[in-house]
Amino acid sequence: MEKIYFIVNPNAKNGSCREIWRNIEIELEDLDIAYLAVFTEYPGHAQELAASIARKADGKPAIIAAVGGDGTLHEVVNGAASSSNITIGFIPGGSGNDFSRGFLIPKRSALALRLMIDKWCDPTEIDIGKIQHNELQETYFMNNMGVGFDAAVAKDSNESRMKGLLNRFSLGRLVYVYILVKKLLTFRTVPIEVTVDGNVYKYSKAWFVTVSNQPYYGGGMKIAPAALPDDGILDITVVHQISRLKLLLVFISVFWGKHTKFQEVEQFTGKSITIESTAEVLAHADGEAIGHTPLKIQACPKALKILSGKSNPGHTEELKMNDCH
53 MEKIYFIVNP NAKNGSCREI WRNIEIELED LDIAYLAVFT EYPGHAQELA
103 ASIARKADGK PAIIAAVGGD GTLHEVVNGA ASSSNITIGF IPGGSGNDFS
153 RGFLIPKRSA LALRLMIDKW CDPTEIDIGK IQHNELQETY FMNNMGVGFD
203 AAVAKDSNES RMKGLLNRFS LGRLVYVYIL VKKLLTFRTV PIEVTVDGNV
253 YKYSKAWFVT VSNQPYYGGG MKIAPAALPD DGILDITVVH QISRLKLLLV
303 FISVFWGKHT KFQEVEQFTG KSITIESTAE VLAHADGEAI GHTPLKIQAC
353 PKALKILSGK SNPGHTEELK MNDCH
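Residue numbers (this note's numbering): 53 to 377.
Here it is as structure tokens:
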């Protein structure tokens, strides 16, 4: 087995990821697995470390495993997405863990590690999305991205002191719900124009637009129930022209994927999406703030290799690889 490169965020989940890593180290020693661990020191560091490891691999197969939350994994993916020789693993250590939920990665670190080892020679190829924003900047996402209300909630949740407190009791995901209700009282809708594969949709009072590669976001909300991570397309959800009270009902039902029955919730699928607005609207990728509209989003079929509990998630037909890098 090749050496595994671990990128560890020791501050994930209010610092409890340190204990997770200590347990992983013991397992690695018991299993006699060769590895190298590096630790993040600031936001964006995981991306820099992943890019450095990918360059040093010099085209040879290598496994980079993120140990932390979805934010850590998001950075690792962005650091390694342009290197086809890299396979991504994940040891969940955050509060939301939507990626592990969508790809059947165990919550327990020992089981997640053993899954990686069992699957190391049989990685799963999944799609990712590429966002062009701030003129020339590009950001990849493996779960979802969005603009508007959900981006505002994600930003405030990440910056909330309450998240650290709740993480001590393994309840960090509840901060998203708290911020959501709080933001519901003050957020103002905006006109947004969404173009999906050349078809234009205009919304005068849009709450948010979410583009998904797999069903889950926000700590278990099933925002795109039909999304498949290997079908070559992305799932778009638009919520508009809805009262604040009814929007709260939408978010209650989204945990079961029943929000799609509301007439104010529209869904599309496509490969190429643009999102524009008359005023700048906040955007996120995998729950991390990335800037504002306008945005261009492109599906990148089978562009990422991961070690997951799903051997063949979604469709299994062969899809032609687009040049996304």
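Note that the Cβ used here is the ideal one computed from N, Cα and C, for glycine as well.
Nearest CA to the CA of residue i: which residue from the options?
{"i": "E316", "options": "H292, V263, S134, I304", "result": "H292"}
{"i": "K257", "options": "F239, F307, G270, P144", "result": "F239"}
{"i": "M168", "options": "Y192, Q266, I143", "result": "I143"}
{"i": "Y87", "options": "S135, G141, K234", "result": "G141"}
{"i": "C361", "options": "K171, Y269, I105, E71", "result": "Inspection of the sequence shows that residue 361 is occupied by Gly rather than by Cys. The shortest C-alpha separation from G361 is found at K171."}
{"i": "A351", "options": "E190, P113, L301", "result": "E190"}
{"i": "P267", "options": "V290, A279, W308", "result": "A279"}
{"i": "L236", "options": "F201, S209, T262, E211", "result": "F201"}
{"i": "A355", "options": "G322, G181, M197, S324", "result": "G181"}
{"i": "D84", "options": "S135, A276, I56", "result": "I56"}
{"i": "G322", "options": "R107, T262, T330", "result": "T262"}
{"i": "K348", "options": "N186, I294, K108", "result": "N186"}
{"i": "P277", "options": "I76, A203, F320, S295", "result": "F320"}
What's the C-alpha gap between residue i and residue j?
{"i": "L101", "j": "H336", "result": "22 Å"}
{"i": "F303", "j": "E81", "result": "44 Å"}
{"i": "I157", "j": "I327", "result": "32 Å"}
{"i": "T425", "j": "V246", "result": "The requested residue 425 does not occur in the structure, where the chain is confined to residues 53 to 377."}
{"i": "G67", "j": "F58", "result": "17 Å"}
{"i": "D249", "j": "D287", "result": "12 Å"}
{"i": "V60", "j": "I244", "result": "38 Å"}
{"i": "M273", "j": "R74", "result": "30 Å"}
{"i": "V333", "j": "N149", "result": "26 Å"}
{"i": "P95", "j": "I115", "result": "22 Å"}
{"i": "K298", "j": "F314", "result": "9 Å"}
{"i": "T289", "j": "L301", "result": "16 Å"}
{"i": "V205", "j": "M197", "result": "13 Å"}
{"i": "F155", "j": "E177", "result": "12 Å"}
{"i": "V229", "j": "D338", "result": "17 Å"}
{"i": "W308", "j": "I275", "result": "9 Å"}
{"i": "A203", "j": "R107", "result": "32 Å"}
Keeping to the same chain, check which residues put their C-beta closer than 7 Å to that of residue i; ignore five residues upstream and five downstream.
{"i": "A64", "result": "G120, G121, T124, G145, G146"}
{"i": "P175", "result": "T139, K357, I358, L359"}
{"i": "S324", "result": "D249, Q350"}
{"i": "E79", "result": "A162, L165"}
Among the residues of its own chain, which have a CB less than 6 Å from the CB of residue i, if the five just before and after it don't count?
{"i": "Q99", "result": "E127, N130, G131"}
{"i": "S305", "result": "H311"}
Since residue i contacts residue j with CB under 8 Å, what's their CB separation in whole angstroms?
{"i": "I231", "j": "I342", "result": "18 Å between Cβ atoms; not a contact."}
{"i": "N195", "j": "Y269", "result": "6 Å"}
{"i": "V199", "j": "T345", "result": "6 Å"}
Give me, in chain order, the residues of the same chain whose beta-carbon lies closer than 8 Å to that of residue i; leave out the 5 immediate sequence neighbours on both sides.
{"i": "A103", "result": "G131, A132"}
Between the stretch 231-249 and the stretch 128-136, are three or more C-beta pairs nearer than 8 Å? Output reads no: the stretch 128-136 does not touch the stretch 231-249.
Sufficient close CB pairs (3 or more, under 8 Å) joining the stretch 86-104 to the stretch 159-178: Taking 8 Å as the limit for Cβ pairs, the verdict is that the stretch 159-178 does not touch the stretch 86-104.
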